[in-house]
Amino acid sequence: MERVREWYWVLRGLVGLVILVGNSAVIYLIVTCRRLHTKPNWFILSLSIADLLVGLILIPVSTSCGLWIPCNVRVLNMSFDLLFFVSVANMCAMTADRYLSVVKPLTYVQTMTKMRVSLLIAGAWLITIVFQLIQLAWISSQSLGYKQRADSIYGTFQIIGFNIVPCITMLIVYGHILVISRKHSRQIRAVAVNLGTLNLRQAKQESSATKVFGLVVLFFVFCWILSAYRHFCRYFELPCGIPTGVVIASRILALLHSAINPLIYAFLKEDIKREIKTKMCRERRRNPGIVLPSFQSQKNGNDSTEENKNENG
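So the sequence shown is numbered by the UniProt record's numbering: it starts at 1 and just counts up by one.
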C-alpha cells in the first residue's frame, strides 16, 4: 500500500505539470493571437483558466497537506470542489454555445452576442463560487445534528447539480448534435453534387468537429463517473465498500480531466492548430538549426489562406 501511495503522489505531480504546461499554452495563444479572438475561443480561455488553477493551486496545496502540513480537511475539500466544479460549469457553458451554433446556425451570430458570451462565462464562475460559499452558513455551527443535516442536503444538490446532471446532459446534447450534424452533412453533399461542386473539405471539417465534441463528452463522463459514484455513496451513507484503488483512480481521473482538456478542446481545433504551426514555422525561420519535421513538408501558401478564415467551431 505504501508503494501505491508513492506512485499516487508522483502521478499527481506529473499530471499537475501537464495541466500547467498545456493550459498555460492555450491561454497564451488565445490572449496574444488576434485571429483566435472568437466566441468559441473565449469559452476555451475561461475553461483553461479554471483548469490552470487546478494545477497551480489545488495540486500543490493538497499534496502539501497530504504529505507534510496538517490542514483543515473541510476547507481543503471546499477548495477542491470549487476549482473542479468551476471547470465543469465552464465546460457546460461551452457546450451550450456549441449546441446553439449547430442547432441554430442561421441565428447563432445574433443570439450569441459578445455580451451574452461574457454573461454566460461570468455566470459559470459566479454560480459555482456562490454555491460553495453557502457552506459557510453552517460550517461553524455548534450543533452537530444541524451540520449533518445541512451537509446531507447540500451534498445531494452538489451530486445532482455538478455530477449527475452534467454527465447526462452532455450525453443527450452530443447525441442531438450528432444527429443534426449528420443531417447537415447529407444536405451539404446533396446540394454540392447537384451543382457539380462537391465540397469535400467542408464535409470533412464538419465530421471532424462532431468527432472531437464526442471525444470531449465521453472523456468528461469517463473522468467523473467514479467521483460521482463515490460522492453518492458518501453523502447517502450507502455501504458501497469502495476499494482504495478505486478511490485513488477516481482522484487521478478528476485531475486528468483538467490535463487533457487543452488537447481535446484546444489543440484539436483547426484555428489553434494553424496558429501553433505558424508560430513554429516562424521560429524555424529565425533559427534554421531547429528541425520541425511535422511542418517541413507542408506548403505555406495554403496556410496563409487558411489563417485569414475566422473559425466558428
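C-beta: ideal position from N, C-alpha, C; glycine also.
### Message
If contacts are defined as beta-carbon pairs under 8 Å, then residue 27 and residue 49 qualify, I think. What distance do you get, rounded to the angstrom?
### Response
Your numbering for residue 27 matches position 27 in the sequence shown. Your numbering for residue 49 matches position 49 in the sequence shown. Right, the Cβ-Cβ distance comes to about 6 Å (below 8 Å), so this counts as a contact.
### Query
Would you call the stretch 57-64 and the stretch 37-49 in contact, with 3 or more CB pairs under 8 Å?
no
### Chain-order list of residues whose beta-carbon lies under 8 Å from that of residue 87 (same chain, five-residue window excluded)
Numbered from 1 along the sequence shown, position 87 holds the residue referred to as residue 87. Same-chain partners within the cutoff: 47, 50, 51, 54, 257, 258, 261.
### Message
Once the 5 residues before and after residue 80 are set aside, which same chain residues still bring their CB inside 8 Å of it?
### Response
For this step, residue 80 is matched to residue 80 along the sequence shown. Contacts found: 58, 62.
### Task
Classify residue 20 as helix, strand or coil using the three-state DSSP reduction.
Walking along the sequence shown from the start, residue 20 turns up at place 20. Residue 20 falls in the helix class under three-state DSSP.
#### Entry: CB contact flag (residue 157, residue 128, <7 Å)
On the sequence shown, position 157 is the one that residue 157 refers to. On the sequence shown, position 128 is the one that residue 128 refers to. Contact flag unset, no.
### Task
Could you tell me the distance, in whole angstroms, from the CA atom of residue 13 to the CA atom of residue 214?
Position 13 of the sequence shown, counting from 1, holds the residue named residue 13. Position 214 of the sequence shown, counting from 1, holds the residue named residue 214. Near 28 Å, if we compare the C-alpha coordinates of residue 214 and residue 13.
### Message
Between the alpha carbons of residue 237 and residue 163, how many angstroms are there, rounded?
### Response
Numbered from 1 along the sequence shown, position 237 holds the residue referred to as residue 237. Numbered from 1 along the sequence shown, position 163 holds the residue referred to as residue 163. C-alpha separation (whole angstroms): 17 Å.
### Message
If contact is defined by three or more beta carbon pairs under 8 Å, each pair taking one atom from either stretch, is the stretch 168-183 in contact with the stretch 145-155?
### Response
no
### Same chain, Cβ closer than 6 Å to residue 155, five either side skipped, listed in chain order
Counting from one through the sequence shown, the residue named residue 155 turns up at place 155. Around residue 155: 235.
### Message
Assuming residue 109 and residue 181 are in contact, meaning their beta carbons sit under 8 Å apart, how far apart are those beta carbons, in whole angstroms?
### Response
Along the sequence shown, read from residue 1 onward, the residue named residue 109 stands at position 109. Along the sequence shown, read from residue 1 onward, the residue named residue 181 stands at position 181. In fact, because the Cβ distance is near 19 Å, the residues do not count as touching under 8 Å.
### Task
Quick one: which unbroken alpha helix (DSSP H) runs of 4-plus residues sit fully inside the stretch 3-84? Chain order, please.
Correct list: 39-53, 59-67.
### Query
Given that a residue counts as buried once 16 or more other Cβ atoms are within 10 Å of its Cβ, and exposed if not, what is residue 119?
The residue you call residue 119 lines up with position 119 of the sequence shown. So residue 119 counts as exposed.
### Query
What's the C-alpha gap between residue 17 and residue 106?
Stepping through the sequence shown from its first residue, residue 17 is reached at position 17. Stepping through the sequence shown from its first residue, residue 106 is reached at position 106. Those two C-alpha atoms are separated by around 41 Å.
### Message
Rounding to the nearest angstrom, what Cα-Cα distance links residue 279 and residue 32 in this structure?
### Response
Against the sequence shown, residue 279 aligns to sequence position 279. Against the sequence shown, residue 32 aligns to sequence position 32. Rounded to whole angstroms, residue 279 to residue 32 spans 12 Å at the Cα level.
### Query
What three-state label does DSSP hand residue 104 in the structure shown?
Here the question's residue 104 lines up with position 104 in the sequence shown. Reduced to three states, the DSSP call for residue 104 is coil.
### Task
Can you tell me which of the three DSSP states residue 237 falls into?
To locate residue 237, count along the sequence shown from 1; it is residue 237. Looking at residue 237 - three-state DSSP - the assignment turns out to be coil, as it is neither helix nor strand.
### Message
Closest to residue 34 by C-alpha separation, out of 284, 285, 272, would be which residue?
### Response
Taking the first residue of the sequence shown as position 1, residue 34 is located at position 34. The option with the nearest alpha carbon to residue 34 is 272.
### residue 159 beta carbon less than 7 Å from that of residue 220
Position 220 of the sequence shown holds residue 220. Position 159 of the sequence shown holds residue 159. No, they are not a contact pair.
### Query
Are the Cβ atoms of residue 124 and residue 89 separated by less than 7 Å?
Translated into positions along the sequence shown, residue 124 becomes position 124. Translated into positions along the sequence shown, residue 89 becomes position 89. A contact, by the Cβ cut-off of 7 Å.
### Task
For the alpha helix (DSSP H) containing residue 162, list its first residue and its last residue.
As a position in the sequence shown, residue 162 is number 162, starting the count at 1. Counting along the chain, no alpha helix (DSSP H) covers residue 162, and no H or E run does either.
### Message
Can you tell me whether residue 74 is buried or exposed? The criterion is at least 16 other CB atoms within 10 Å of its CB, across all chains shown.
### Response
Here residue 74 refers to the residue found at position 74 when the sequence shown is read from its first residue. Label assigned to residue 74: exposed.
### Length of the line joining the Cα atoms of residue 71 and residue 179
The residue given as residue 71 occupies position 71 in the sequence shown. The residue given as residue 179 occupies position 179 in the sequence shown. Spanning the two alpha carbons is a distance of roughly 49 Å.
### Task
Express the C-alpha separation of residue 93 and residue 223 in angstroms, rounding to a whole number.
Taking the sequence shown and counting its residues from 1, one reaches residue 223 at position 223. Taking the sequence shown and counting its residues from 1, one reaches residue 93 at position 93. So the two alpha carbons sit approximately 18 Å from each other.
#### Entry: Cβ neighbour criterion (16 or more within 10 Å) applied to residue 243
Translated into positions along the sequence shown, residue 243 becomes position 243. Exposed, by the Cβ-count rule.
### Message
Within a Cβ cutoff of 6 Å, which residues of the same chain sit near residue 177, ignoring the five residues on either side of it in sequence?
### Response
Within the sequence shown, numbered from 1, the residue matching residue 177 stands at position 177. If we look at residue 177 and ignore the five residues flanking it on each side, its Cβ neighbours are 102.
### Query
Three-state secondary structure (DSSP) at residue 139?
By one-based count along the sequence shown, residue 139 stands at place 139. Here residue 139 sits in coil by DSSP.
### Beta-carbon gap between residue 132 and residue 78 smaller than 7 Å
Numbered from its first residue, the sequence shown carries residue 132 at position 132. Numbered from its first residue, the sequence shown carries residue 78 at position 78. With a cutoff of 7 Å on beta-carbon distance, residue 132 and residue 78 are scored as near each other.
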